[in-house]
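Only one structure is covered here, and it is reproduced in the block below.
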Ligand SMILES: Cc1ncc(COP(=O)(O)O)c(C=O)c1O
Ligand SMILES: Cc1ncc(COP(=O)(O)O)c(C=O)c1O
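So this is what it looks like as structure tokens:
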């Protein structure tokens, strides 16, 4: 059973962390992952940097640009990760835009993920229907879970459709926005979280976008299975460096 | 008999000098006139300065502008000249653009000229036909000779017409140009001078524009009765001042 | 009462050709030929073809919905800003370049204030492969830099006029001097309804296409060929002449001419000729002009280079004197504000000259069912820097 | 072979909608409605009325006599430069603002490169009284200053894109981010035939008025609706799409797409997508784009801000791949020279984007009786300083 599905069965609220591979330094990738696991993080989104990350806010954009400057490529990332499963057991997801994967070759990319021990993918600009028609079989052949996003604007029919073709979790974008923009959740968000919960989907939901504190983590996971932190973690890395990851994680899970 | 007609009867080539009244200094007008007569000049065109002298080249333009700045006006000029006939006997002509005369009142202007002892007018932008229809009677009432220009482009018919309504001399513009532009006369000019001479007009011709030396004066007066110098004289005034007029005139009549 | 020109070149008391003899052959040649040439079928055909295919005529008559709503009347804009080169000026330069060709001329000179006429002249010279020299006041060269750049791109030579107020009046003087110096091969393309006869009439006839179009365009939109009002700014007066032309003798159509009051009519920095001017002679024409008691021409002022002229064409002097047209003076500030308003209400940035015509609504009330045609004489691309600086945008 | 779009939003292999889920409701709403809305009589009427009275359509088809003579062929210019705001871009923004109104949107965003699309968007927003935010690369803000000034005059907010190459691509990213952040009240007016389906098709349909007019205009002038060649520059490809549209399936008409080679195709500073690009995804569309082996989008370069884009619209990717259109790459220097030549031969100063299309005569020989239509996509007022500096005029 895929590590993601296993993890989702655990009776706890999951903390998932996103970071851009190759940032702050090209070779920080593995140590960041190991550190995150060591400090109790449940799941990791490894960002494969892209030159034009159009769903991302300034923080993740900047870290992607920096990572590319540092020399990060798809090849380099897979190399860095080639022994990751010797030390790390939590689910690992690669999150990235579709074009670099397309250029690598979608099948080759999936195969490589499997070999490396990657459990799933989040590809914001690969739409559900294109995935469904063209790539689902390949992803499944290599045992990869593809994670789809829903937003407060996503219709019920579409949520149901997304739920039907998902086999891990649903990435519930907290508000319609690029990453890193919100500050705290209001009624609108909590109602939305509840509304989705009440749909009793087959896939659990993990909330992303706008989570940056113990408080927002708790709010988000009131109705959802877990939450993903991206921009806030990258800001922490920028300011305080790789060696203080425990500070960040314990601040969230406090 | 008008002093101009008298002068034209003299058996000599006439030197006529133009200057802008009120230049270089507001009150130089009278002394320039007296000086010119003293040094053997036959006739004087007193320039009534105008803000927009569109038939004039840069030298006369600049002197006009300066004269206006110095405070020259139609009123001031007539005041300066009010006793001129106590000291000066050669013909005096006012040369100026039509608008200041129009504003003064054409009849009032003519009357004032007569009182002052002005013998004629040259008004480059008062066309022959307008003069003929509207102003000839007034000019004649006050005994003023109006002088018209012809150029190398003026047709024979028109020259004949101009001759027919002129009663002093014809101002023969040496080449089609604004004042102060030519340097020496070529075949074109001398042929033109001859051509006009051969027309045997009733009015003598005096050449203007481009005369600046003994040589050009002699060339111009080979076929014509006389010549008018403007820009060259003003340049001399600018450089050497009012007290050296004899130098300039003797240079021409050498 | 007759408002258009008489056979001898006068509008009432105004007009004529007060020119030095050196210009006589040129002006006379033109006077004798212009109507004949304009009547030639081949001329008409070429003129109309170029207006259509090159200039982009007819220019639309556009119902300005938001502006009309704001001022509670029916405002139509005659879109001369959409002409090639961006103003009405090109109607005239197309006509005159064809005229110059038929007169056998090979060298073209022009004066320009805002630079629109200079650009329009440089444009037709490029089109016909003729040499082009444009005189422009030193101050106007500075404040209408984009148009100077355009003239250069088009291969014209731009000569600064350094005398007097170093604006349009002085550029005109320089152009006339050039013409005097080059009487054989050169045609002087005057840019407005000024200068000696036959220029005011010739330019007005070339610009008359504006009101000719308004007639049938209005017929399409309002079911009648006549508006209640025609409004146009007046520098020399060519765009107004064009917009008024076919309505001159129809006194049901009220004409409004808008002049530049600069910093205020009586501020000493103004170009409001109708209020401040007296009869006199400027640039070969008897008309209204701003002058001293002594008959020296006053240096005018307006923020808009194209209205910064101390006279108006003789047609307008006559329209003023007879009361056929109402004259309204608009300050710099009023004009700039009106320009910004038009930009933000209708998405059309007018030339600052044109903006004056849009500032009349505080001076003149219209009825809800009045049809008011405003001649949108030019676009504001040349004035962007001035607008930006003025509004600190 | 079919060259126009398929029912599912693809041109051959290219197109589709590769968008984040956050954009799905907006794009889907548009996809489901755009054809329906465009077919509504009231939409058609309002669109056509505005194109006529406000934009000034039809734009002329002008026979360029001197240019034709020089290159010994029959060259017609489709005068999109005469449109209100000075380029073809406004055809699309008029269409999209009407679309946005019918979709109940109140806030408009746009990206812009040369600023023409930004100006055209700001213009229609002023016209309709809608809020307008335009994203523009920091570098383009500097090199197209006049258009920035115009947008401000029109009341739009211009937001600099500071990431990446700080040009059109990055402005597009920023606009998409804004749209993600404002999914309810905002319509994104994309300025070219790029972006997720249905944008490429919708924009092409709005621009199709260009070739629709060419057909009947050519019929009037040449007695046939089809030229031998249609030539257009390609940034994203909207002016080319418009000029090609009605000829896409008629292979007697040869199509020439002109790209920017910058400092040379292989200089590393180029925007010649057809030569340098590979299939990939940019701004929500599968198309040809310039990218690293790794799939990172390359920073393009062209002297013209409007062609400084690393992709082409999916229609053009398909036209290239199928050989339906011939693609020619033109360097900065060639384009600038051609722009000056057009200015001085025909009196028309083209946008530098457009100048690229006029530089093909050294690459492509035409027969004396070939009818070649060049889409004169925009005027050069925005580029004067660049021309002046380049030629040291
Ligand atoms: C746009 C525009 N409108 C008006 C004028 C004023 O000229 P006229 O009064 O001859 O129309 C100018 C002069 O340059 C101009 O450029
Ligand atoms: C005048 C002009 N032509 C062409 C273009 C390129 O765009 P497209 O390829 O979409 O026509 C632009 C873009 O701004 C432009 O302003």
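Protein chains in written order, with our numbering: chain C, 1 to 254; chain E, 1 to 254; chain B, 1 to 393; chain G, 1 to 393.
Just so you know, even glycine gets a beta-carbon here, dropped at the ideal spot from N, CA and C.
Same chain, Cβ closer than 8 Å to residue i, five either side skipped, listed in chain order
i	result
residue 125(B)	97, 108, 131, 132, 154, 155, 156
residue 64(E)	20, 23, 47, 49, 50, 51, 53, 56
residue 45(C)	16, 17, 18, 19, 93, 94, 95, 122, 228, 230
residue 229(B)	253, 254, 255, 256, 366, 370, 371, 372, 373
residue 29(G)	103
Check: residue i C-beta below 6 Å from any heavy atom of ligand 1
i	result
residue 258(B)	no
residue 234(B)	yes
residue 96(B)	no
residue 114(B)	yes
residue 87(B)	yes
residue 145(B)	no
residue 351(B)	yes
Contacts that residue i makes with chain C (C-beta to C-beta distance below 8 Å)
i	result
residue 18(G)	98, 125, 126, 127, 130
Contacts of residue i in chain B (Cβ-Cβ under 9 Å)
i	result
residue 148(E)	21
Neighbouring residues, chain G, relative to residue i (Cβ below 7 Å)
i	result
residue 164(C)	Within 7 Å Cβ-Cβ: nothing; residue 164(C) doesn't reach chain G, min ~15 Å.
residue 73(C)	294
residue 381(B)	146, 381
Neighbourhood of residue i by C-beta, 6 Å cutoff - its chain only, sequence neighbours within 5 removed
i	result
residue 217(G)	61
residue 211(E)	217, 220, 227, 229
Residues that residue i contacts on chain B, provided the C-beta gap is smaller than 7 Å
i	result
residue 106(E)	None at all; the shortest Cβ gap to chain B is about 11 Å.
residue 151(E)	21, 22
DSSP bridge partner residues for residue i (one or two, in chain order)
i	result
residue 161(B)	137(B)
residue 188(G)	109(G)
residue 451(G)	In the structure as shown, chain G begins at 1 and stops at 393. Residue 451(G) is therefore absent and cannot be evaluated.
residue 327(B)	257(B)
residue 45(E)	18(E), 93(E)
residue 278(G)	289(G)
Distance cut-off 6 Å: residue i Cβ against heavy atoms of ligand 2
i	result
residue 237(G)	yes
residue 192(G)	yes
residue 103(C)	no
residue 354(G)	yes
residue 306(G)	yes
residue 359(G)	no
Any non-hydrogen atom of ligand 4 within 6 Å of residue i CB
i	result
residue 377(B)	Because ligand 4 does not appear in the structure shown, any question about it cannot be addressed here, the ligands present being ligand 1 and ligand 2.
Listed by chain order, chain B residues near residue i by CB distance under 8 Å
i	result
residue 343(G)	126, 153, 154, 155
residue 346(G)	126, 127
Contacts that residue i makes with chain G (C-beta to C-beta distance below 8 Å)
i	result
residue 385(B)	149
residue 154(C)	21, 24, 25
Contact list for residue i against chain E, beta-carbon separation under 9 Å
i	result
residue 4(B)	Those within 9 Å of residue 4(B) in chain E number zero; the least Cβ separation is about 21 Å.
residue 215(B)	Simply none; closest approach about 37 Å.
Cross-chain neighbours of residue i in chain G, by beta carbon under 9 Å
i	result
residue 138(C)	Those within 9 Å of residue 138(C) in chain G number zero; the least Cβ separation is about 17 Å.
9 Å Cβ cut-off: residues of chain C touching residue i
i	result
residue 163(G)	52, 58, 61, 62, 65
Own chain, CB closer than 7 Å to residue i, minus 5 neighbours either side, in chain order
i	result
residue 281(G)	18
Proximal chain E residues relative to residue i, where beta-carbon distance stays under 8 Å
i	result
residue 205(B)	Within 8 Å Cβ-Cβ: nothing; residue 205(B) doesn't reach chain E, min ~23 Å.
Fill in: Cβ-based contacts, 9 Å cut-off: residues of the segment 46-63 of chain C near chain G
Look at the segment 46-63 of chain C: the residues with a C-beta under 9 Å from a C-beta of chain G are 49, 50, 51, 52, 53, 54, 55, 56, 57, 58, 61, 62.
Practice prompt. Mind checking the segment 7-35 of chain E against chain B and listing, in chain order, the residues whose C-beta falls within less than 8 Å of any C-beta there?
Written response: Per Cβ criterion, the list is empty.
Item to complete: Using a Cβ-Cβ cut-off of less than 8 Å, list which residues of the segment 131-159 of chain G approach chain B; keep chain order.
Response: So the list reads 146, 149, 150, 152, 153, 154, 155, given in the order they occur along the chain.
Worksheet item: In the segment 64-80 of chain G, which residues sit with their C-beta less than 7 Å from some C-beta in chain B, listed in chain order?
Response: Cβ contacts with chain B: 66, 79.
Practice prompt. With 9 Å as the limit, tell me which residues of the segment 260-292 of chain G have their beta carbon closer than that to any beta carbon of chain C; keep them in chain order.
Written response: Correct list: 278, 279, 280, 281, 282, 283, 284, 286, 289, 291, 292.
Fill in: Within 7 Å of chain G by C-beta, residues of the segment 33-57 of chain B in sequence order
Residues passing the 7 Å Cβ filter: 52, 53, 54, 56.
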